[in-house]
Every structure is written in C-alpha cells, then in structure tokens.
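**Student:** One structure coming up, written as structure tokens, with questions to follow.
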Amino acid sequence: MLDLTDILMTIAPELWLAAAGLVGVLLGAVFGERFNSLSFKFGALSLFGAAGLAAAHFQGGEAFGGLVRTNTFVNFAKVISFGLAGVALIVSESFLKRHQTNRYEYALLMIFASVGMGIILSAADLMTLYMGIETLSLSSYVLAAFHRDSARSSEAGLKYFVLGALASGMLLYGASLVYGFTGSTSFTGIAEAGLSNGAMFGMVLIIVGLAFKISAAPMHVWTPDVYEGAPTPVVAFFASAPKLASTVVFANVLFTVFGDAMDQWQLIVGIIAGASMIVGSLGALVQTNIKRLLGYSSIANVGYALVAVAAGPENGAAALLTFSTIYAVTTLGLFAGVLAMRRASGMVEGVSDLGGLIRTKPLLTVMLSVLIFSVAGMPPFGGFFGKYEVLQAGLNAQLMPLAILVVISSVISLGYYLKLIKIMWFDEPAERLETVDVSVMGVVLLSALIAGVVFVVFISELGTGGWATFAASGLLR
Amino acid sequence: MGNLPILTLMTFLPLAGALLVMLIHSATGGRGQSGKLVLATGILVSAATFAVSVAAFVAFDPNTAGYQLVEQHAWYGPISYKLGIDGLSLSLVVLTTFLTPICLLASWNSIEKRMTEYVIAFLVLETFMIGVFVALDLVLFYVFFEAGLIPMFLIVGIWGGKDRVYAAFKFFLYTLIGSLLMLVAMVYMILAAGSADVEVLETYSFAPGIQTWLWLAFAASFAVKLPMWPVHTWLPDAHVQAPTAGSVILAGVLLKMGGYGFLRFSLPMFPDASALFQPFMFALAVIAIVYTSLVAWRQTDMKKLIAYSSVAHMGFVTLGIFAFNETGVQGAIFQMLSHGLISGALFLIVGVVYDRMHTREIAAYGGLVNRMPIYASFFMLFTMANVGLPGTSGFVGEILTMVGGFQAATWAAAGAALGVIFSAVYMLTLYRRTVFGEITNPELNGIKDMNLVEWICIAPLAVLTLLFGIAPNLIFNLTDGSTARILSMMARGQ
Chain F
400 MLDLTDILMT
410 IAPELWLAAA
420 GLVGVLLGAV
430 FGERFNSLSF
440 KFGALSLFGA
450 AGLAAAHFQG
460 GEAFGGLVRT
470 NTFVNFAKVI
480 SFGLAGVALI
490 VSESFLKRHQ
500 TNRYEYALLM
510 IFASVGMGII
520 LSAADLMTLY
530 MGIETLSLSS
540 YVLAAFHRDS
550 ARSSEAGLKY
560 FVLGALASGM
570 LLYGASLVYG
580 FTGSTSFTGI
590 AEAGLSNGAM
600 FGMVLIIVGL
610 AFKISAAPMH
620 VWTPDVYEGA
630 PTPVVAFFAS
640 APKLASTVVF
650 ANVLFTVFGD
660 AMDQWQLIVG
670 IIAGASMIVG
680 SLGALVQTNI
690 KRLLGYSSIA
700 NVGYALVAVA
710 AGPENGAAAL
720 LTFSTIYAVT
730 TLGLFAGVLA
740 MRRASGMVEG
750 VSDLGGLIRT
760 KPLLTVMLSV
770 LIFSVAGMPP
780 FGGFFGKYEV
790 LQAGLNAQLM
800 PLAILVVISS
810 VISLGYYLKL
820 IKIMWFDEPA
830 ERLETVDVSV
840 MGVVLLSALI
850 AGVVFVVFIS
860 ELGTGGWATF
870 AASGLLR
Chain A
110 MGNLPILTLM
120 TFLPLAGALL
130 VMLIHSATGG
140 RGQSGKLVLA
150 TGILVSAATF
160 AVSVAAFVAF
170 DPNTAGYQLV
180 EQHAWYGPIS
190 YKLGIDGLSL
200 SLVVLTTFLT
210 PICLLASWNS
220 IEKRMTEYVI
230 AFLVLETFMI
240 GVFVALDLVL
250 FYVFFEAGLI
260 PMFLIVGIWG
270 GKDRVYAAFK
280 FFLYTLIGSL
290 LMLVAMVYMI
300 LAAGSADVEV
310 LETYSFAPGI
320 QTWLWLAFAA
330 SFAVKLPMWP
340 VHTWLPDAHV
350 QAPTAGSVIL
360 AGVLLKMGGY
370 GFLRFSLPMF
380 PDASALFQPF
390 MFALAVIAIV
400 YTSLVAWRQT
410 DMKKLIAYSS
420 VAHMGFVTLG
430 IFAFNETGVQ
440 GAIFQMLSHG
450 LISGALFLIV
460 GVVYDRMHTR
470 EIAAYGGLVN
480 RMPIYASFFM
490 LFTMANVGLP
500 GTSGFVGEIL
510 TMVGGFQAAT
520 WAAAGAALGV
530 IFSAVYMLTL
540 YRRTVFGEIT
550 NPELNGIKDM
560 NLVEWICIAP
570 LAVLTLLFGI
580 APNLIFNLTD
590 GSTARILSMM
600 ARGQ
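The listed protein sequences derive, respectively, from chains F and A. For the first sequence, this note's numbering puts the final residue at 876, and the numbers step up evenly by one. For the second sequence, this note's numbering puts the final residue at 603, and the numbers step up evenly by one.
Next up, the structure:
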C-alpha cells in the first residue's frame, strides 16, 4: 500500500486538477450560466490547491513504472506555474465580463491546460511528454479562440492550432526516431542506450518541436500573431505559466534524456538562444501594438532563458529557474497592467494610447514602469538579478559569445522598453482611461512589489544558494 | 553614535524622503501651493542628507588609509551589501550631498510643471549617486551605477528642452552599452575570484592577458560616463536639453563616476592592463582636451559650450589618473571636485539668464554687465576658475594633473597645456560676448539682477571655489591616504 501512496503523492497535483476539472464540468452542466462567476473562483482555488500539493511533495517520486517522475527541479516549476495560472484566472474575469464571454468553460479550459502543464513537467517518458503537450496545447488553442465572435481571436486560434499541430508532428516524429534507434521511450532507457546518429536526428526534431512550444526563434513566428489576436487575459496566461513550464521541460528533456550528448545540443541551443534574443529584440522595436510588442519581448526573454539551458545542468539549472520565475511574475504583472487600461471606446492596445498615463493614473504608471524596467533587466529591480544569473551561468560554461549577445540584445531591447516609458511619462495625455478593477490593479501592484522589492531584498532566498539551487539539485542526483 | 550605520542612513535618507514627498502629494492632492511645499520638503531632506554626510566626514579619520565606517551584510551568493568610504569616496559623497540641495533650490522658480515627480526623481537619484560612491561590492556598485540612469532619464526627458526625448534616449543607451560590458566583466571576475568584495578583488591578481579584456570592458563603461573622446557625444545633447538642475548634477556628479571608477576599479584591480593602456589613454585625453576645446570655441549655445568644456576638463582628469604618480592622481581627484563646483556654478549662471530670457543663444545676449553687475561678477569669477586662474580651485587641478602627466609623458602634458590656452580663448570669448559691450537686444533692457534664491545657490559655490583655490590642502589631507593606497596597489603589478 505504501507504493500506492507514493504514486498518489507523485501525481497528486495533476489528479487533483483533473478531478477539479471534471467536477467543474458537472457543475457547469447542472447550473449552466449560474456557475459562470463562481467558476473563476473555483478554478483559481483549484490551481492554488495544486500548487500547494506540488509544494507538499516537493521531493518528488516515481509512478506508473517510470512513466512519471518528479523531482525538486520540476516541482519548483509546478508550484510557480500553477500559482501563476491561478492569478491569471483571477485577472481574467472582469475583462471577460465586459466582453460577455465570462463563461465557465474558460476556467475549466485553464484547469485542463494546467493539467497538461503538470503532466509535461512530470513526464519521464516520451509518451507521457507527448500526451501532456497535447493536453496543454489543445486547451490553449481553444483559449486563444475564446472570443469566437472576434475574427482576430478566431484567426489566432486557428494559426496557433495549425502551426502547433505541425510542431507536435515534428516532436512525435523525433520521438519515434529516438525510439527506433534506442528501443525505449523512457527517459532513463534512452539515456542508458546512448545516442546513435539516428537518435541524434530524433533529438534535433524533438528540440525543434519543443522550441516551437516555448516560441524560440526560428520557431517563433506564431507568437506575435497569437498574442495580438487572442484575448488579453489568455495571453497573460500563455506568457507566464505555460511559458515557464515549457521552458523548464525543454531543459529537463535535454538534461535528463540527452544529458550525455550535451556537446551535441549545446551549439544548437546556443544558436536558438542567440537567434531568439536578436529576433525578439529587433522585432519588438517596430511594434505599435502592446501585445505584439510583449510577444516579441517574450521571444527575446526565452533567448536569455536558453542561455542558461545551453550552460548545462550544473551551471544553468538554478539560473534558469531564477530567471524564468522572475520573468514570469513580471510578465503576468505587465499583462495585468494592459488589462487594467481600458477606455470607453474599447481596449487599450496601441502603444500610443498610453500617452501621458502618468497624469491620469500615476500609481499604475509607476508600477508599470517598475515592471518594464524589471523585464528590461535594469537594476535595482528583480529582472536584473535574473539576467545576472543567466550571465553567470553562461560565463561559467565558457559561453562568452552568448554573454555578449545577451548584452547586445539587452541594449537593443531597451530601445522599445524606453519607448514605452517615454510614452507614459513624457507625452501629452491621450484619451482618459476608466477606473480599474480592484483585483486587476491588486495583481499589478503585487507583482510590481514582488519584482521591484521582494526579489531584490530576498534574492538570496530565490536565486543562487536559495530555493532555485535547492530545486536544481534534484536534477543532479 | 558608535554602531549607527551612518553610510546606510546617508544613502537611503533621500529615498525615504522621496516616499515622504509622495505621501505629502497624496495628502494635499497636488493642489494649490503643494508644489512649493513638496520642493521645500525635498530641500530639507537633501539638506539633512548633507548633514549626515558631514557627520560621516567628522567620523572619518583621514590618517588611516583603507576603508572606514564599513558595513557588511550577506546579500546574495558571493555578493554582499558592503558599504565603506575612503578619502576619495568621501570627498565625492560630500560633493554630491552638497550639490543636491542647491539643485533643488535652483529649481524654485524655474520648474513649473509636475513638481512632485521632479523632487522624487532628484531624491531617488541622490540615493543612487551616493550609493555608487560608498558601495564596496562590485554588484552593489553596478546596481547603483546603472539604476541612476532611470531618474536622470526622466529628468532630462520630462523637464528638458525641445529635443529632450532624443537627448534622454541617447544618454541612456550610450551609458547602458558600456555598463553592460562592464557587467559581463564583473561576473567573470566574481566567478574567478569567488568574491565580489572590492577589498578582496584589490588583492586578487588576474593574469595579464585577462586583465586586458577586463580593463577594456570596465573602460567602456567609465569612458562613456567620464566622458572621453570619442564617446562624449551624448554629453552636449544631454546637457543642452536637461533642465538647469539636471545639468548641474550631470556635470557635477555623474561625470565623476567615470573618474571614480577608473581609480577604484581599473587601477587597483588591473594594474598591468592600466600600465599597458597608459599611452592610449594619454592620447585620448590630449585629443579630448585640444579637440573639444576647439569645438567649444565655435559653439553658439552657452550650455553646449560649457558641456564641451566639461569634456576637455575631464581630459585633465584622465591625464592625471593615468600618470600613475601621486601628483597626478591627487590632481585628478582635486580636478573632479573642483570641476564639480565650477561647472555646476556655470550651469546655474546660464540658468539665471535662461529663466529670464528663455534662450541660450550667445548672440541674444551682450551688455549684461549694464543691467546685472552682481551677476557679471559671479560669472567673471567662474569664468576665471574654469580657465584655471591661480587662486581658484581650477588652477590647482590643472597644474597638478599636468605636472603629474609631465613626469609620465612629456608630450601628453605639452598637449594638455595647449588646452589651457584654448580654454582661456573660449571662456573669455563667451564672457565678452554675453556680458560686455552695449546692449543690442532690446529685450535685455528690463532684465533684473540675481534674486535671493539665485544668490543662495551660487554664493556657496563661489566661496568653495576660492577656498579650495587658496587652501587646496583641505582636500589633499583627505585624499592623501587613498591616493597612496591606490598607487601602492598599482605598483604591485609592475
């Protein structure tokens, strides 16, 4: 019976979420539209509960004969991802209500997407990984198209689906190649079998498929379009929780499955990282839509995260967790800020609509500025320490060219971050914005405080020598 | 006062003041006279910070080399929150805390819009500036060094002149690219030495080949900040567009961070590389002195002229620092302090007439002495100080850096001496064209002489310029110990 307890504990967050999702479906079937407003609180509580369960069994374990294995590294990512997903759900409600799309399916889709996040993080077998990715992706496609009356939202959903299916296909083809050449789908089995040339092809295809999911260049093309078209709260979710989870999975697969072939994939990951940084920061320079701009910015930031991945498990795992956590919190805050800005004539999406925001909404502007400078990696804000860790990881692994690229990309990206600051602080006020909902504003405030103060003062608890290092040690055992 | 963390108090007092200003603003709702109330609060807070820095000055023992009043707490990995001062940093800290209240006071009549944000930006900037000079940890230094860009960006961008946005972006991005290269070098050093503590790194020897790269990365940052030719072009733009107080702080304190960085990091930590690059730095310094002096001569905008003159004067600082002898380094430190006072005062002087006439064109003035005799006297004093007339602090700095440079490389000192002549040419031309002669511009007929606020701002600078010119030992006594210390670490490499 001890065995069963262990299995249950290992997959407890996913079980709990799946159960919550099913209960939600039942409740929705029984109560119909009356469940709508409750569903958001129900979903957020379920997600926070899942985060708690992941934290409770932080050491991790193994289940289903090695199909699922967790350790501190992935559990760290789980806690943060589930928590962020819950917050993303909280900020969604008021927006959806205004667009009369606050249906309970939204919350349930987010729960199911989170189940997928949990599964990919726990996966210790290519089959499990693929199933998790599909669970996450299918829910995401629907979420992207959630404003079904809006042409742009539907277009975003469709684009995401078509390109996502292509990437899944590549991933699956890669997985089958690896299986064919190593005779195993389990992570440990593949690692033990060693990599022949054929399996190496499979590895590259898997990298390509996963790079699509984390929107790393050159598999990034869908990101700006989907970010622009999909409803803003959905983008807030995409850019934070699944992004962090997928990046950690990307690292996890490379570290555990192909750990011995690091000299083979290091160059590939390095090139992807460099390309993402440059494409992301150059692309963002010319954007006039905030969501597109943040989309390109997220591509550049994935590039930074991949520098940590390229640095390998010893040097980069803790840096990856630190960087991704700080980035995900900041991004969620930024999108909450975009959600907070609304005017009578509709959504605020153009960059120029932020004109003179400091005159009309000083508190919001200051908080947004903190978040923008943080995501730009400017000290004294939290984002700086994320970037610092990445640089440290890169230099530790002797990746000087990547470190220089981080510098170049950071300077280029300051060009558009400063443009946002300039518009908010220097320009004359644009159309007056409406009052902000308390929950959204609260999230903006909280994330700005976390990024601006908590991460700075308590960075030693999170980064090197702190939780991230502890979590990364789970990989090395 | 024993264990009072005086440096922490001094560093973060302005930041606390900024929060107080925010509270006052929300309490008064930003109506009526709240702008003046907020500004008065800002002046009081920065004056209190000055008082704390004086307390630090009193607690400081000039006869002990090495860092004093050290505070250290573990922060993050090998990085610690470590503050401490020696004579070099103390003198620059006092310069900072001295200039900030003057800057805020000078804004009494000249800043009309968004006073709360203005005061907050200045107080936050003061915290970062002090932090740069007292930080004894690489990363902590970097955090303060780069964070200072944010408030300065806002100051130039919101309250600046016509092309303020361009100037603010140029200032920010120029400085940033240098700083980030320095960050990469810092991370490398921390990984190699296992510590970010300045005192540890001062005793750590990097291989000469590595030193060259690290030195270049650090120099990329400090050269932009100082600024040295050819990366000085952001400075005239930023100066011209910034409000008067912003120019004063920029010339008075922010430029000094470059010289401070060379003295604190480049020389002690990379002695071999510093020696290697000595001729290179001398060449850049001489070009800066001669070339920018000539450029200054041709300017039609008063602020731009003084900005180029700043670049030339910072050339003397470079010359003195890289002379690697006591005369030169003492002279460089002195020149930094003296230039902080003189150029600050000159920008205030320009601000006086700008507030009245709203133009900085030299051609729009002429004959000011007929209407503003007191103004003309002050202007004369600082013109002479900028030229380097004996009896003013400008003379001491220039002569010492040149003597130091002469001992190291005759040609460099000879080139720099040319610059002294040119500085007389452009400053006296400026003075003659604006102050002397008949009033040609009819709008000048009704111009009023300096008012009380302007008096209070400029008079202390005049007193100190003369005092340090007559009794330079006041500063040398303070900086003797740290100069000897820096040079002994420099000698270790050769």
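All C-beta atoms in this analysis are idealised placements derived from N, C-alpha and C, irrespective of residue type, glycine included.
#1: With distance defined between alpha-carbon atoms, name the residue in F:Gly556, F:Phe784, F:Phe439, F:Gly531 nearest to F:Leu466.
#2: Cβ closer than 9 Å: which chain F residues qualify as neighbours of A:Glu255?
#3: Which one of A:Ala244, A:Gly186, A:Ile239, A:Phe121 has the shortest CA to CA distance from A:Tyr176?
#4: Cβ closer than 9 Å: which chain A residues qualify as neighbours of F:Phe475?
#5: Hey, does A:Met110 have any beta-carbon neighbour from chain F nearer than 8 Å?
#6: By Cβ distance, which residues of its chain are closer than 6 Å to A:Ile264, with the 5 residues on each side in sequence left out?
#7: Taking only beta carbons into account, state which residues of the region 540-556 of chain F come closer than 8 Å to chain A, listed in chain order.
#8: Where does A:Arg601 fall in DSSP's three states?
#9: A:Thr519: buried (16+ other C-beta within 10 angstroms of its C-beta) or exposed?
#10: The alpha helix (DSSP H) with F:Val607 in it runs from where to where?
#11: Within 10 Å of its beta-carbon, does A:Gly555 have 16 or more other beta-carbons around it, so buried, or fewer, so exposed?
#12: Apply the 10 Å Cβ neighbour rule to A:Lys222 and answer buried if 16 or more other Cβ atoms are within range, or exposed otherwise.
#13: So, is F:Val765 buried or exposed, given that buried needs 16 or more other C-beta atoms within 10 angstroms?
#14: Within the chosen definition, does the region 292-302 of chain A reach the region 335-343 of chain A through at least 3 CB pairs nearer than 8 Å?
#15: Among F:Gly582, F:Gly568, F:Leu414, which one has its Cα closest to the Cα of F:Ala592?
#16: Which residue spans inside the region 232-296 of chain A form an unbroken alpha helix (DSSP H) run of at least 4?
#17: What whole-angstrom Cβ distance do F:Leu804 and F:Ala775 have, given they're in contact under 8 Å?
#18: Buried or exposed: where does A:Leu247 fall if 16 or more other Cβ atoms within 10 Å of its Cβ makes it buried?
#19: Find the residues of chain A that neighbour F:Asn795, judging by a C-beta separation of less than 7 Å, and give them in chain order.
#20: Does the region 678-696 of chain F come within contact of the region 513-527 of chain F, defined as at least 3 CB pairs closer than 8 Å?
#21: Three Cβ pairs or more, each shorter than 8 Å: is that satisfied between the region 748-762 of chain F and the region 817-827 of chain F?
#22: Could you tell me the distance, in whole angstroms, from the CA atom of F:Met400 to the CA atom of F:Phe772?
#23: Distance, Cα to Cα, A:Arg357 vs F:Phe854?
#24: Would you mind stating whether A:Ile458 and A:Gly424 have Cβ atoms separated by less than 8 Å?
#25: For the region 658-669 of chain F and the region 567-584 of chain F, state whether three or more C-beta atom pairs, one from each stretch, are separated by less than 8 Å.
#26: Whose C-beta lies closer than 6 Å to the C-beta of F:Ser696 among residues of the same chain, with five residues either side of it excluded?
#27: Taking C-beta pairs closer than 8 Å, name the residues in chain F that A:Trp184 reaches, listed in chain order.
#28: In terms of residues, what are the limits of the beta strand (DSSP E) holding A:Glu180?
#29: State buried or exposed for F:Gln686, treating a residue as buried only when at least 16 other CB atoms are found within 10 Å of its CB.
#30: Do you know how far the Cα of F:Arg497 is from the Cα of F:Glu432?
#31: F:Lys786 lies in the alpha helix (DSSP H); which residues open and close that run?
#32: Does the beta-carbon distance from A:Ala165 to A:Pro210 come in below 8 Å?
#33: Let me make sure I understand the geometry here. Which of A:Phe456, A:Thr409, A:Gly367, A:Val534 has the alpha-carbon closest to that of A:Ala430?
#34: Once DSSP output is grouped into helix, strand and coil, what is the label at F:Val461?
#35: Report yes or no: is there a C-beta of chain A within less than 8 Å of the C-beta of F:Trp866?
#36: Span of the alpha helix (DSSP H) holding A:Ser650?
**Tutor:** Considering the structure as presented:
#1: F:Gly531
#2: Met777, Pro778, Pro779, Phe783
#3: A:Ala244
#4: By Cβ distance, chain A contributes nothing, its closest Cβ being about 18 Å from F:Phe475, past 9 Å.
#5: Reliability of the predicted coordinates at A:Met110 is poor, the pLDDT of 42 falling under 50, and the value obtained from them is presented with this limitation in mind. Closer than 8 Å: no.
#6: Ala230, Gly355
#7: none
#8: helix
#9: exposed
#10: 596-612
#11: exposed
#12: exposed
#13: buried
#14: no
#15: F:Gly582
#16: 247-256, 258-268
#17: So it is not a contact: roughly 16 Å between Cβ atoms.
#18: buried
#19: Leu300
#20: no
#21: yes
#22: Caution is warranted here: a pLDDT of 46 is assigned to F:Met400, below 50, making its placement in the model unreliable, and no coordinate value can be reported.
#23: Reading off the sequence, residue 357 of chain A comes out as Val, not Arg. Taking the straight line from one Cα to the other gives about 34 Å.
#24: no
#25: no
#26: Ala683
#27: Ile858, Ser859
#28: 177-185
#29: buried
#30: 16 Å
#31: 781-795
#32: no
#33: For clarity, residue 430 of chain A is Ile in the given sequence; the question names Ala instead. Out of A:Phe456, A:Thr409, A:Gly367, A:Val534, A:Gly367 has the C-alpha closest to the C-alpha of A:Ile430.
#34: The sequence shown places Glu at residue 461 of chain F, rather than the Val named in the question. F:Glu461 falls in the strand class under three-state DSSP.
#35: no
#36: With chain A represented from 110 up to 603, any question about residue 650 of chain A goes unanswered, as that position is not in the structure.
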